[in-house]
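Enquirer: Take this structure first; my questions come after.
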Amino acid sequence: MRYLIVGNSAAGIFAAETIRGLDQAGQIIMVSQEDNLPYSRCLTSYLLGQEIPEQRIYIRNDNYYSETGIEFIGQNVEQVDARAKSVLLANGEKLSYDKLLIATGSSPFTPPIDGSNLEGVFQLRTLEDAKKIADFVPNVKEAVVVGAGLVGLKGAHGLHELGINVNVVEFAPQLMPLSLDSEAAGMVAGLLEKDGYRFYLNNKVVKILGEKNNNGGMTVSGVVLDSGEQIACQLVLMAVGVRPNTALVRDSGVKVNKGIIVNDRMQTSVEDIYSAGDVAETYDLLWDENRINALWPMATAQGIVAGCNMAGIERRYEGSMGLNSAVFCGVGVISAGILNLPDGEGQVFRAAEPQRNYYRKFILRDDRLVGMIMVGEIEGAGFLSALIRKRVKVNKTVVNQWLTDKISYQGYFSEGIPMGKVGQ
Amino acid sequence: MGFYIRPQVLSHNSKPMAHHGDMRTSICSLCNGGCGLKVSVDQSAKVQAVFGDPDNPYNKGKLCPKPMEIVQTLYGPDRVGYPLKKVNGQFVRISWDEALNIIAQKHLNYLNNDGSGSIVGFTSKIGGSYSKLALSIFSELTGMANFGTGPICYDSEEKVRKAMFGSGSASTPLSDAIFAKLILIIGNNCAQTKAGQFQWLQEARRAGAKVVVIDPRYTETAQQVDQFIQIKPGTDGALGMALLHLIIKNKQYDEEFVREKTKDFDQLAKAVADFTPEKAAQITGVPQEVIEKLARDLGTSRPAMLWPGRGIVCVNNAGSTLLAFEALMAILGNIGKPGSGIVSHINGYGKANNLVPPEAVVKPHRKRNAQELYQALEEGEIKMLYIAGNPCANWPDSNRMSKGIAGVDFVVCHTLVLDDSAMLADIVLPAVHWLEESGMQAGINRVMQWKEKTGEPYAEAKSGGDFFRQLASKMGLPVSCFPDNPEEAWELERTHNPAIVGITVERMRQTPGGVHYPCPENGEESVRLFANAVFPTASGKIELLGDKRVELKYSDPLEAPGNAGMLQTEYPYLFSTVKVAAHYHTECQYSEWARELEKPYVELHPLTAVELEVTDGEELRIETATGSLVLPVRITHTVPRNVLFTQPYYTMKSGYETLPVNSLFPVACDQAGGNFVNKNILCRAYAERRLGR
Amino acid sequence: MPKIYFRPERCDGCRACELACIEKHSQTQSIFMANLEKPSPQSRIRVSQSANQFAAVVCQQCLQAMCVEACMTGAMQYSESGAVIHDAKQCVGCWMCVMVCPFGAVIPLAEAKKAGKCNLCEEEKLPACVLACTRKALWYCTGEEYEIKAAGELECAT
Ligand SMILES: Cc1cc2nc3c(=O)[nH]c(=O)nc-3n(C[C@H](O)[C@H](O)[C@H](O)COP(=O)(O)OP(=O)(O)OC[C@H]3O[C@@H](n4cnc5c(N)ncnc54)[C@H](O)[C@@H]3O)c2cc1C
Ligand code: SF4
């Protein structure tokens, strides 16, 4: 059996390891545009902020490919040819496969803003991006981050760690509009503002200003906001969202909506072609529809399911859900599931103590927990995310206790629901 | 059908308690604590029970079990009542006269043929002030060298303190504790060992002192204080040096006091210059923040007291450790002022001089230190021994000691019971119990109290005072040098020692709690030593680095004497003995109560127990380079990992029938060349699974 | 592979397991110093109470562990013997694992800025908590051994 995996990040690696575990003899070929050892994209901002040394960004050891018997090719895949069961590499080479996994992830979306081609405008996705920024920052005092999602804030944190003044511009009226409600976002904003960040909410960058530099090129000198306000800066980090890397499957018959559509075995519409990770549109168990949840844990879990099915072991994906964990100024913030239900639907339990950065919000629908936000004291959050995932009925008195008490198994166990139902 | 009567109960006839009139007052003479006692005595002057004396201002009625247990040993089956002589390996009763004749003849014989150095005394339990004085007169007349409690208890401490301050005694009475802001207790579990001292700890806390205990074990004392700092065994010196480092670095020492009253400060500062709290944290296992906080507390809380205990004295790096902590007290200016100073049970009040006319003095022709004694015994240099104590159990490498003693030509043992050492004697003499002998008893409060005898001597028991005088007379020595009774003895001692000349028997009798010494001719007692900031050293100041025989340099307990050269791979654990409330020396073993309270055990941390595959109650064999011993396991979280603890008081010739624990300790002393080590010795251990169990 | 099992009917909530775990994870290896350490060591086993029921929660060494899947640094991983282990050096403290562990058995170590979980006291013969549990509510054994022991208990009880 000849397995071909495109992409050597979360989904690709976990899939390859799963296949290797199930099929020792099979040939595994991994192709990736990024010619390096597997690393964690999520750590790029830590590298940028010099919180970790470069060697720690790699998530597998130096001899990874040889030890696992993976043939690695550092090339871009231009096109998938489903009929010939082969792919075309950028160097013109063709590789055939028996089973193909497309785990190409996503790429940052660059909005059409005037000046976004200037020197000093960056995005943060790859190790190379992080290194490029790192090379550039010695001349930077003031930076503008466009987009206050998770990637934007992580990038902002990296820059802030380097002593740069950071201004974050966000179109929405709050930070992390996709993963927090306004109250929690306000709390996070408060924390970060105290630390020196400046936020421009309800705002967008309409133009990036430039000036001539010594090399004859144009470098960033500031941005103009929707409001007309100008912010002088030497660096702009664009983090307004990502788009799945689906270009390689055009004309191949693989069905694509926003991302590559897969079933619960990670199979695409074309036989022997699988997809997983940020590029795949998978079943979202809370919204009960296919969605992209571009998150590391989803990518790995999907990679494992894809790997199993490719190696001939049937395994079904239980579905994704939104799930975020981040730490701001030492305060843990975790959110899961649906955070804002349409008005009149469901029931919300909340407790807030802003002075000690404590916030909890639980969203119930049909007596089931469908979403939660926890700020500060996040211990036991996993228990709640498991309840959400398993769609277990919960008792409202217990939910009320969770607003203030430690989240524990016990509070739930005593309500007569057997432990076995939760978790694995 | 059940029973309605318990026949066992009927066989006991409980004696009615004597009425108050027969309550006599006494002073406990066990641990030099000096606790006041009430002793109830029956019509025939027999001691019935012992209680704490609520009127004694030192212990205020508090008491540990030791003196209470003693009652069981006074008239018990183990007590020796008559002189005995060994004939064909059996002891037969003889008269005092015969015994004295034999001893006198033997002594003179060896003196003439082998010299005074061939006769040695083990005299740790010789008796009260009367007997001590008689022994010292006898020794001066015969050139006999004696080994008392020093080598097994406090020599290191005394040497270091004497070198620094000019006196080994406690500088402060315990009652000063109520003026202290901070009390630093190191390696001292007074809640178990010294009831009176612990009483003052509690009083000090009520008065607002912060009490900090530093110990590897979560001791009973540690359980009742403000802060407990658990430290890796034997690493206290590193902590002391880091505290010095911080106090000096942060300029928190008493500059004026250091300038005016101490010597060698610059050298001291140099010696600790690189002893950072980081380094000490590494060595001691005490978090750096805790060390820094303690230094801050010491720097800002004055006056403060230091209560060191055996935990930093009977260890192989005692010298530098003591030096560090006592220097710490000195540079903080915590000396000589109310609520400051160092508390210790060492009672150095000097010796009485010129008791013997100069022409009659005989000098020992050989001088040996305690370590050299072993070889001297083995090589037959020593022909005759006087034993008043139990060196076969109390001295290290006890098996070697026992063999050595067994090999000596002629051994006299003056003893209460037929203990391990007495069994090796040729002549056994019945000694009076301390309750049966009057005398001056010094205490940890640095006082002298007069102890009235409360009971008549048992059977034919004689005090050391009487024995040595009568022996001297048989030997033709000048008997006139000897006192006839305890009062006379004290009169003699006091008038020949200018430091205590002001302390008469009458004065002691009239002063509840005793008279603080020194007390010269003018009769003024010294409640605090060095209150005038004059130190009896060569420079008249505190010599911060002592006499430089001990270097202020941290020494790793694993590399220090007794452990140096041992492979940790072979001996992965440490073994220590720690004192307990129910025992003192080996004499309390003869009380059933004591044996009930302290059944043999070795304490282990649960994880150590798992490693050794033993559980509670199972037997563990502990082996060191010098010996091995089997003890039942007791698992407790109060002891640190990888260290095995037991109490030092088991012997073969007692109800315990257990090998003396000291047989596991090597003949080793710290750099100060002081007392023997009975803690932190490398050992190995394994489960002893005996057949049929 | 042996792991830690909990028998709720035996637990009386004394929390000796928590203390033993704190001691084990302290730098000083001392329960008495632990609260003075910085960062202060945290127990990896947590006992919670509801009414008069107690439950001890500790890592279950899941065969397919969600924390391993969620960990974005590779710090969470399986050991050769099959245990779920955590490499604190690699951990950046993002607490994704805390977010997903269905047992709540991964502890956010706020001061250390890391995650913490039970490592079965790998260098010991028995985990400290199991040893500390005087009621024998914690068992350290393999699944098969557990079944046999538990069946035996049931027999004794009936
Ligand atoms: C700065 C940053 C912070 C993040 N923080 C978090 C976080 O805290 N929590 C979280 O859950 N998620 C986070 N994410 C998201 C997370 O990194 C992704 O969800 C995850 O990396 C998805 O993995 P993947 O394997 O699906 O795709 P990717 O990681 O995007 O990997 C795709 C791989 O495919 C290769 N590739 C793409 N196209 C081709 C082609 N045509 N030919 C060959 N190779 C190709 C790429 O080189 C890459 O190696 C973060 C992302 C970023 C950028
Ligand atoms: S907190 Fe540490 S172990 Fe947990 S997911 Fe993050 S990096 Fe991994």
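Protein chains in written order, with the working numbering: chain C, 35 to 458; chain H, 2 to 694; chain A, 277 to 434.
Ideal Cβ placement from N, Cα and C applies to all residues, glycine included.
Here the structure is a predicted model, which is why all the values come from computation and not from measurement.
1. Considering only residues of the same chain and omitting the five flanking positions on each side of C:S100, which have a CB-CB separation below 6 Å?
2. Residues in its own chain within less than 6 Å of H:F258 by CB, not counting five upstream and five downstream?
3. Going by beta-carbon coordinates alone, are H:V644 and H:P288 separated by less than 8 Å?
4. Tell me, please, whether the CB atom of A:Q305 is closer than 8 Å to any CB atom in chain C?
5. Taking the continuous alpha helix (DSSP H) assigned at H:H638, which residues delimit it?
6. My output table needs one value for C:Y99: the three-state DSSP class, helix, strand or coil.
7. Report the residues of the segment 217-230 of chain H with a CB closer than 8 Å to any CB of chain A, ordered along the chain.
8. At a CB-CB cut-off below 8 Å, which residues of chain C make contact with A:I383?
9. Examine chain C for any beta-carbon lying closer than 8 Å to the beta-carbon of A:S355, and answer yes or no.
10. What is the DSSP secondary structure of C:F489, reduced to helix, strand or coil?
11. Distance check for H:S439 and H:G129, CA to CA, integer angstroms please.
12. Is any heavy atom in ligand 3 found nearer than 7 Å to the beta carbon of C:N110?
13. Touching or not, the segment 581-594 of chain H and the segment 649-661 of chain H, by the rule of three or more beta carbon pairs under 8 Å?
14. Would you verify that the beta carbon of A:L454 is, or is not, closer than 8 Å to some beta carbon of chain H?
15. Taking 7 Å as the cut-off, is the CB of A:S357 close to at least one heavy atom of ligand 1?
16. Between which two residues does the alpha helix (DSSP H) containing C:I91 stretch?
17. Does A:E400 come within less than 8 Å of chain H when only Cβ atoms are used?
18. Does any residue of chain A bring its CB to less than 8 Å from the CB of C:T102?
19. For the segment 418-427 of chain C and the segment 370-377 of chain C, state whether three or more C-beta atom pairs, one from each stretch, are separated by less than 8 Å.
20. Leaving aside the five residues before and after H:R495 along the sequence, list all residues of the same chain whose C-beta is less than 7 Å from its C-beta, in chain order.
21. So, is H:V10 buried or exposed, given that buried needs 16 or more other C-beta atoms within 10 angstroms?
22. Measure the Cβ-Cβ separation of H:Q193 and H:K580 and say whether it is below 8 Å.
23. Apply the 10 Å Cβ neighbour rule to H:T301 and answer buried if 16 or more other Cβ atoms are within range, or exposed otherwise.
24. Rounded to whole angstroms, what's the CA-CA distance from C:L193 to H:L559? Just pull it up for me.
25. Touching or not, the segment 136-155 of chain C and the segment 249-261 of chain C, by the rule of three or more beta carbon pairs under 8 Å?
26. If we cut at 8 Å on Cβ distances, does A:L396 have a partner in chain H?
27. For C:T316, verify whether its CB is less than 7 Å away from any heavy atom of ligand 1.
28. Residues of chain A with CB under 9 Å from H:V551, in chain order?
29. Would you decide whether A:L339 is buried or exposed? Buried here means 16 or more other CB atoms lie within 10 Å of its CB.
30. What does the Cβ neighbour count give for C:P172, buried or exposed, with the cut at 16 atoms within 10 Å?
31. So H:A353 and H:L493 are in contact, right, with Cβ under 8 Å, and what is the actual spacing, rounded?
32. Taking the DSSP output, what are the residues bridged to H:Y350?
33. Taking A:Q325 as the reference, give the member of A:K279, A:W415 and A:D288 with the closest Cα.
34. To which residues does DSSP link H:Y387 through a beta bridge?
35. As a quick exercise: from H:V51, H:N33 and H:M424, pick the residue whose alpha carbon is nearest that of H:D23.
36. Can you list the alpha helix (DSSP H) stretches of 4 or more residues lying completely in the segment 147-216 of chain H, in chain order?
Expert: Reading off the structure:
1. Translated into positions along the first sequence, residue 100 of chain C becomes position 66. Cβ within range, chain order: n/a, list empty.
2. Residue mapping note: residue 258 of chain H aligns to position 257 of the second sequence, counting from 1. Within the same chain, H:F258 has close Cβ partners G334.
3. Here the question's residue 644 of chain H lines up with position 643 in the second sequence. Here the question's residue 288 of chain H lines up with position 287 in the second sequence. Against a cut-off of 8 Å, the Cβ pair of H:P288 and H:V644 comes out as no contact.
4. Counted from its first residue, the third sequence places residue 305 of chain A at position 29. It does not; no Cβ of chain C falls within 8 Å.
5. Numbered from 1 along the second sequence, position 637 holds the residue referred to as residue 638 of chain H. Neither: H:H638 is in no alpha helix (DSSP H) and is coded neither H nor E.
6. As a working note, residue 99 of chain C is residue 65 in the first sequence. Looking at C:Y99 - three-state DSSP - the assignment turns out to be helix.
7. Residues of the segment 217-230 of chain H with a C-beta atom less than 8 Å from some C-beta of chain A are Y219, A223, F229 and I230, listed in chain order.
8. Taking the first residue of the third sequence as 1, we reach residue 383 of chain A at position 107. Per Cβ cutoff of 8 Å: E413.
9. If you number the third sequence from 1, residue 355 of chain A lands on position 79. Proximity of A:S355 to chain C, defined by a Cβ-Cβ separation below 8 Å, is not satisfied.
10. Here chain C comprises residues numbered 35 to 458, so residue 489 of chain C is not present and cannot be evaluated.
11. Counting from 1 along the second sequence, the entry for residue 129 of chain H is found at position 128. Counting from 1 along the second sequence, the entry for residue 439 of chain H is found at position 438. If I take the Cα positions, the gap works out to 7 Å.
12. Ligand 3 is absent from the structure shown, which contains only ligand 1 and ligand 2.
13. yes
14. In the structure as shown, chain A starts at 277 and stops at 434, and residue 454 of chain A therefore has no counterpart that could be examined.
15. As a position in the third sequence, residue 357 of chain A is number 81, starting the count at 1. Result no, Cβ not under 7 Å from ligand 1.
16. Taking the first sequence and counting its residues from 1, the one referred to as residue 91 of chain C is at position 57. Segment: none, C:I91 is in no alpha helix (DSSP H) and carries neither H nor E.
17. Taking the first residue of the third sequence as position 1, residue 400 of chain A is located at position 124. It does: the Cβ of A:E400 has a partner Cβ on chain H nearer than 8 Å.
18. Counting from 1 along the first sequence, the entry for residue 102 of chain C is found at position 68. Answer no: the Cβ-Cβ gap between C:T102 and chain A never drops below 8 Å.
19. yes
20. The sequence position of residue 495 of chain H within the second sequence is 494, counting from 1. Around H:R495, the same chain offers I501, V502, I504 and T505 as residues with beta carbons nearer than 7 Å, after the five sequence neighbours per side are excluded.
21. Here the question's residue 10 of chain H lines up with position 9 in the second sequence. Confidence at H:V10 is low in this model, with a pLDDT of 36, below 50, so the placement of that residue should be treated as unreliable; the coordinate-derived value is given next. H:V10 should be labelled exposed.
22. As a working note, residue 193 of chain H is residue 192 in the second sequence. As a working note, residue 580 of chain H is residue 579 in the second sequence. Yes.
23. On the second sequence, residue 301 of chain H is found 300 positions in, with the first residue counted as 1. Answer is exposed; the Cβ neighbour count stays below 16.
24. The residue labelled residue 193 of chain C in the question sits at position 159 within the first sequence. The residue labelled residue 559 of chain H in the question sits at position 558 within the second sequence. Here the alpha carbon of C:L193 sits roughly 50 Å from the alpha carbon of H:L559.
25. yes
26. Position 120 of the third sequence, counted from the first residue, corresponds to residue 396 of chain A. Not closer than 8 Å to any Cβ of chain H, the Cβ of A:L396 fails to qualify, so no.
27. Taking the first residue of the first sequence as 1, we reach residue 316 of chain C at position 282. No, the beta carbon of C:T316 sits no closer than 7 Å to any heavy atom of ligand 1.
28. Residue 551 of chain H sits at position 550 when you count from the first residue of the second sequence. The premise fails here: H:V551 is roughly 28 Å from chain A at the closest Cβ pair, so nothing lies under 9 Å.
29. Taking the first residue of the third sequence as position 1, residue 339 of chain A is located at position 63. With fewer than 16 Cβ atoms within 10 Å of its Cβ, A:L339 is classed as exposed.
30. In the first sequence, counting from the first residue as 1, residue 172 of chain C sits at position 138. It counts as exposed.
31. As a position in the second sequence, residue 353 of chain H is number 352, starting the count at 1. As a position in the second sequence, residue 493 of chain H is number 492, starting the count at 1. Indeed they touch by this definition, with Cβ atoms about 7 Å apart.
32. Residue 350 of chain H sits at position 349 when you count from the first residue of the second sequence. Looking at the DSSP output, H:Y350 sits in no beta bridge, so it has no partner there.
33. For the purposes of this step, residue 325 of chain A is identified with residue 49 of the third sequence, where counting begins at 1. If we check each option's Cα against that of A:Q325, A:D288 comes out closest.
34. For the purposes of this step, residue 387 of chain H is taken as the residue at position 386 of the second sequence. According to DSSP, H:Y387 bridges with H:G122 and H:V413.
35. Taking the second sequence and counting its residues from 1, one reaches residue 23 of chain H at position 22. Among H:V51, H:N33 and H:M424, the Cα nearest to that of H:D23 is on H:V51.
36. 151-154, 156-166, 191-194 and 196-207
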